[in-house]
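Student: The following block contains the structure, expressed as structure tokens.
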Amino acid sequence: MSSDGRERIEELANCRLPTAHGDFRLSIWQASKGVEIVTVGMGKLAGNNPLFVRVHSQCFTSEVLGSLRCDCRPQLDSALEKIGGLQRGLLIYLQQEGRGIGLTNKIRAYALQDGGADTLEANHLLGFEDDLRDFTDAGRLLLQEGIPSIRLNTNNPRKIQALVDCGVEIAEVIPSLSPPNPHNSRYLETKALRMGHLFSPSGELPAHPRAESTHKGE
């Protein structure tokens, strides 16, 4: 039992994972409601020095099929490359396809986008909110494994706030930027202008008030 009264997130299996970005440690965890979480780490993770962390949600279409409709695969590759360069860091990979609506509904949303809707409008037409993802288990796992302070690789202010609410200190926000392409430029624009993501529609990081006050208690 963890300090918050919940069952501990249990490690089910782990192995060495050699990749183009270096040798990682891959672990599978069982979190709340039997959901599995994947972590890919390198180096000594626990300690007081803030750890480079990316909390990343699954995107089958981009990461497996190479879709250019979003920036998920470049973000994933960039995070692993960064961890490999630092020789220390952690990727937490969550099974939350399509911002939590699942693969089938994500494809339905894509069809609506083909008809002119943006990514938020498509979700709303299907009866979903903007973003159904839950980052609580990621926050709990970090604290459970002795990682109270992190350098978070994200553009998403909701993710920042969710981890702060779990008690994780965000020592630094490191943006995850990739050049837009003709297929994802409207998607990136929607995330920047309508969802408050911490980059401009052109893919650059602007001065943004939501990137401040990210320490616990502020």
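Numbering-wise (this note's numbering), the sequence shown opens with residue -2 and increments by one.
Positions of the beta carbon are idealized from the N, C-alpha and C atoms, including for glycine.
Only a predicted model underlies this, so the values are computations on that prediction, with no experimental measurement involved.
#1: If you run the structure through DSSP and keep just helix, strand and coil, what is I98?
#2: Between which residues of its own chain and A168 is the CB-CB distance below 7 Å, once the five residues before and five after are set aside?
#3: So, for R66: in the same chain, excluding its five sequence neighbours on each side, which residues have a beta-carbon less than 6 Å away from its beta-carbon?
#4: Restricting to runs no shorter than 4 residues, where is the alpha helix (DSSP H) found entirely within the stretch 40 to 126?
#5: Residues in its own chain within less than 8 Å of G200 by CB, not counting five upstream and five downstream?
#6: I want to know whether the stretch 79 to 98 touches the stretch 33 to 43 - three or more CB-CB distances under 8 Å.
#7: Check the DSSP bridge columns for P15 and list the partner residues they point to.
#8: Taking the C-alpha atoms as reference points, what is the distance between I171 and L195?
#9: Three or more C-beta pairs under 8 Å: does that hold for the stretch 75 to 84 against the stretch 117 to 125?
#10: Below 8 Å CB to CB, which residues in the same chain sit around G63 once its five sequence neighbours on both sides are set aside?
#11: Name the DSSP beta bridge partners of R148, please?
#12: Looking only at its own chain, which residues have a Cβ that is under 7 Å from the Cβ of N153, when we skip the five neighbours before and after it?
#13: Figure out for me which residue from A28, R183, G136 has the closest Cα to the Cα of Q110.
#14: By a C-beta neighbour count over all protein chains shown, 10 Å radius and 16 as the cutoff for buried, is Q92 buried or exposed?
#15: So the candidates are G97, E60, C163, G38; which of them puts its Cα closest to the Cα of R13?
#16: Please state if the CB of W26 and the CB of E7 are separated by a distance shorter than 9 Å.
#17: Report yes if the C-beta distance between F132 and K156 is below 9 Å; otherwise report no.
#18: Could you have a look at I157 and say whether DSSP puts it in helix, strand or coil?
#19: Name the residue from G124, S24, E94 whose alpha carbon lies nearest to the alpha carbon of V61.
#20: Please report the distance separating the alpha-carbon of R22 from that of G112.
#21: Considering only C-alpha positions, which residue in the set I98, F57, V50 is nearest to F125?
#22: How far does the alpha helix (DSSP H) with G136 in it extend, from its first residue to its last?
Tutor: According to the structure data:
#1: coil
#2: P47, S146, I147, R148
#3: H180, N181
#4: 57 to 60, 69 to 83, 94 to 97, 100 to 111, 116 to 122
#5: Annotation note: pLDDT 43 at G200 (below 50); position unreliable, no value reported.
#6: yes
#7: Looking at the DSSP output, P15 shares a beta bridge with D20.
#8: 10 Å
#9: no
#10: Closer than 8 Å at the Cβ level, and outside the excluded window around G63, lie R70.
#11: Note: R148 sits in a beta bridge opposite F49, E169.
#12: H194
#13: R183
#14: exposed
#15: G38
#16: Yes.
#17: yes
#18: helix
#19: If we check each option's Cα against that of V61, E94 comes out closest.
#20: 43 Å
#21: I98
#22: 133 to 141
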